[in-house]
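Going by our numbering, the letters in the sequence shown line up with residues 463 to 881, in that order. Backbone N, C-alpha and C fix where the C-beta goes; we use that ideal spot for every residue, glycine too. Note that the structure is a prediction, hence the values are computed from the model and not measured.
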Amino acid sequence: MEKRRIVITGMGCISPVGNSVETAWDSVKKGRSGISEISLFDSSDLNVHIAGEVKDFDPAAFGIEKKFLRKMARFSRFAVAAAKQATEDSGYNKESLKKEKCSVVFGSCMGGMEALSEGFNKLHSTNADRISPFTIPLMLTNEAAANVSMSLGLQGFSWTMGTACSSGTDAIGLAADLIRAGRCSICITGGTEAPITKFSIASYDSLQALSRQFNGCPEKSSRPFDRDRDGFVMAEGSAVFVLEELEHAKERGAKIYAEVAGFGSSCDAYHITAPLKDGSGAAIALKDAIADAGITPEEIGYYNAHGTSTFINDMAETQMLKSVFGEYAYRINISSTKSMTGHLLGAAGALEALFCVKALNEGFLPPTINLDNQDIDAGCDLNYTANKGIEKDIEYAASASLGFGGHNSCLILRKYTDL
Numbered sequence: 463m464e465k466r467r468i469v470i471t472g473m474g475c476i477s478p479v480g481n482s483v484e485t486a487w488d489s490v491k492k493g494r495s496g497i498s499e500i501s502l503f504d505s506s507d508l509n510v511h512i513a514g515e516v517k518d519f520d521p522a523a524f525g526i527e528k529k530f531l532r533k534m535a536r537f538s539r540f541a542v543a544a545a546k547q548a549t550e551d552s553g554y555n556k557e558s559l560k561k562e563k564c565s566v567v568f569g570s571c572m573g574g575m576e577a578l579s580e581g582f583n584k585l586h587s588t589n590a591d592r593i594s595p596f597t598i599p600l601m602l603t604n605e606a607a608a609n610v611s612m613s614l615g616l617q618g619f620s621w622t623m624g625t626a627c628s629s630g631t632d633a634i635g636l637a638a639d640l641i642r643a644g645r646c647s648i649c650i651t652g653g654t655e656a657p658i659t660k661f662s663i664a665s666y667d668s669l670q671a672l673s674r675q676f677n678g679c680p681e682k683s684s685r686p687f688d689r690d691r692d693g694f695v696m697a698e699g700s701a702v703f704v705l706e707e708l709e710h711a712k713e714r715g716a717k718i719y720a721e722v723a724g725f726g727s728s729c730d731a732y733h734i735t736a737p738l739k740d741g742s743g744a745a746i747a748l749k750d751a752i753a754d755a756g757i758t759p760e761e762i763g764y765y766n767a768h769g770t771s772t773f774i775n776d777m778a779e780t781q782m783l784k785s786v787f788g789e790y791a792y793r794i795n796i797s798s799t800k801s802m803t804g805h806l807l808g809a810a811g812a813l814e815a816l817f818c819v820k821a822l823n824e825g826f827l828p829p830t831i832n833l834d835n836q837d838i839d840a841g842c843d844l845n846y847t848a849n850k851g852i853e854k855d856i857e858y859a860a861s862a863s864l865g866f867g868g869h870n871s872c873l874i875l876r877k878y879t880d881l
C-alpha cells in the first residue's frame, strides 16, 4: 500500500530571532544572534545572565484578548500566536477549520514554569492562601495544546509530547503519523517553550549545562562545535505547522511548502542527562527516518544539528553522523541554528524544522556562527557551515533533536514536487 504523503501548508513562529517566519529566517540567514542579557528577571545573583528571550511580543497583535491572559501561561501565549500565524498562512480560519477533521499535537518540555516559580515564591514569602488558583492549570505542559484547540474551536485529538528537547520534533512526527493513519485530515503541530525563569536558569546551571563564560558578550555565547564552547544558552519561543494529507491540500488549492517525508525516534536507554558518547542511540532515529523517507543517506543535502554547544553533545552528535553517513559525513552541509537562537528545549526541533523548510524553498543553508576554532581535538571535524551561510539547492533536509533521558528524534523534510 502506497504511503500517504503529508505536506506542510502553513507555518508560524515566535522566537528570539523574530516573531514571524520571515523575520526569523532573515536573522538566521544573516547570522544574527537573538541572545541577550536576561530582562525577564534580575539575574545578578546567578552565574548565568544571558538567554534567548522573545522580544516585543504583544499577545493582542495575535488576537489574544486581555481577559484570557491571566489564564494563559507564557508558553501557551507563544503557541496560540504561532498557531494563528500558521493557520492564516495556510488559508484556514476558525470557521473553515471547524468543518475539517483537525487535530492538535504540541511538544513542550517545561510547560508553565513562571506559574510554578510564582506559586513557589508566594508560598514561601506569604502563605498558601495567596497562591493563585490558576497555578496548576497554567503550569501543565498540555495547556498549550488545550489553548490552541480552544482558540481555534478544534475538538479532535489534542495531544502533548513530553520527550525533553525532542518534544517538538516528536510532536511533528506523531502529527504526520496521525494523518497517515487516517485519524485526521489536518493537524496543527509544533513546539512551544517559555523556560526562562530564575528557578530554571539556576537549576540547569547546577547541572553545569549552561554557558557562563560569555555573560559580557551574549551573542558569542552559543558556539556549537567550537573549542571554546562551555554550555548551551536557554531560550524560549514557539514554531507551528499546519500539516495536511497531500490530496486534501491539492483539492483546496493550498500552497505547499514541503513534505514530511520521514520520521524516526529512539532512546539511548543509557543515562538521564548524558548521551551515549558514540551517538549510537541517536543513530537509530536518523537511520529510521531515512528508511521511512525511502531514500539513501547521500540524498540528504542539509542536516540541521541538535548542536547545543555543550562539550558532550556536540562530540556525540558528530560521532553519530560519521556512523550513519560514513565518508559522506565530511561532505554534507551541517549547521546548528542554536548558535543564533539559543536552545528552545521542547520547541527547538520545531523551529529548526521550520528553518529546514526555508532552506529547501530558498536554496540557502544557514550558518553555525561563533565557530572560530573548530574543536578538531574532540573529533568535531565535519563541515558545520562556519559563520556564513551558503547558497545550495537541496531536495532533502534532516533535522535532529536529542533530549535528556536519551530521547532522540529526527525528521526528513523534502522539497515539494507533485510527482
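Here Gln547 is buried: its Cβ has 16 or more other Cβ atoms, across all protein chains shown, within 10 Å. Across the structure, Leu508 and Glu698 are spaced so that their CA atoms are roughly 19 angstroms apart. The alpha carbon of Glu707 has as its nearest neighbour, out of Gly811, Ala541, Ser565, the alpha carbon of Ser565.
Judged by beta-carbon spacing, Phe619 lies beyond the 8 angstroms limit of Arg592, meaning their Cβ atoms are not closer than that value. Looking only at Thr879, Cys818, Thr659, Gly865, the smallest Cα-Cα distance to Ala535 is reached by Thr659. Beyond the five residues adjoining it in sequence on each side, Phe582 comes within less than 8 angstroms, by CB distance, of Phe661 in the same chain, given in chain order. Counting along the chain, no beta strand (DSSP E) covers Leu640; the unbroken alpha helix (DSSP H) around it starts and ends at 629-642. Secondary structure remark: continuous alpha helix (DSSP H) runs of at least 4 residues inside the stretch 799-828, in chain order: 800-803, 810-824. Fully enclosed beta strand (DSSP E) runs of no fewer than 3 residues occupy 468-476 of the stretch 467-519, in order along the chain.
In the structure shown, Tyr764 adopts extended strand secondary structure according to DSSP, grouped into three states. Bridge pairing for Met534: absent [DSSP]. Restricting attention to Val469, Glu464, Lys465, the CA atom closest to the CA of Ala716 is found in Val469. DSSP places Lys877 in the strand class (E or B) of the three-state scheme. In this structure Gly496 is in contact with Thr803, their Cβ atoms being roughly 6 angstroms apart against a cut-off of 8 angstroms. For Gln836, the three-state secondary structure derived from DSSP is strand. No Cβ-Cβ contact shorter than 8 angstroms links Asn823 with Arg689.
The DSSP assignment places complete alpha helix (DSSP H) segments of no fewer than 4 residues inside the stretch 555-596 at 556-560, 575-587, in order along the chain. Remark: three or more beta-carbon pairs, one from each stretch, lie closer than 8 angstroms, so the stretch 771-789 and the stretch 736-747 are flagged as touching. In the DSSP secondary-structure assignment, Ala859 is bridged to Tyr764, Leu875. Contact annotation: Ile794 and Ile762 have beta-carbon atoms nearer than 8 angstroms. Around Ile856, the same chain offers Gly763, Tyr764 as residues with beta carbons nearer than 6 angstroms, after the five sequence neighbours per side are excluded. Taking 8 angstroms as the cut-off, the beta carbon of Asp730 is found closer than this to the beta carbon of Gly868. In the same chain as Ser489, and ignoring 5 residues on each side of it, the C-beta atoms closer than 7 angstroms to its own belong to Val479, Gly480, Gly496, Met802, in chain order. Between the stretch 650-657 and the stretch 570-578, the count of Cβ pairs shorter than 8 angstroms is three or higher; the stretches touch. In this structure Asp520 is exposed. Its beta-carbon is surrounded by fewer than 16 other beta-carbon atoms within 10 angstroms. Between Ser863 and Ala810, the gap from beta carbon to beta carbon is short of 8 angstroms.
When the Cα atoms are used, Ser587 and Val695 turn out to be separated by approximately 30 angstroms.
Ile774 and Phe866 have their C-alpha atoms some 12 angstroms from each other. For Asn832, same chain residues with a beta-carbon under 7 angstroms away, outside a window of 5 residues either side, are Lys682, Ser684, Arg685, Asp688, Ser801 in chain order. Here the alpha carbon of Lys749 sits roughly 11 angstroms from the alpha carbon of Ala860. Under the criterion of beta carbons closer than 8 angstroms, Ile634 and Val722 qualify as touching, at roughly 7 angstroms. Beta-carbon to beta-carbon, Lys560 and Gly472 are separated by about 16 angstroms, too far to satisfy the 8 angstroms threshold.
As the crow flies, the alpha-carbon of Lys465 is around 19 angstroms from that of Ala747. Separation of the CB atoms of Val610 and Val542 is rounded to 6 angstroms, and the pair is thereby assigned contact status at 8 angstroms.
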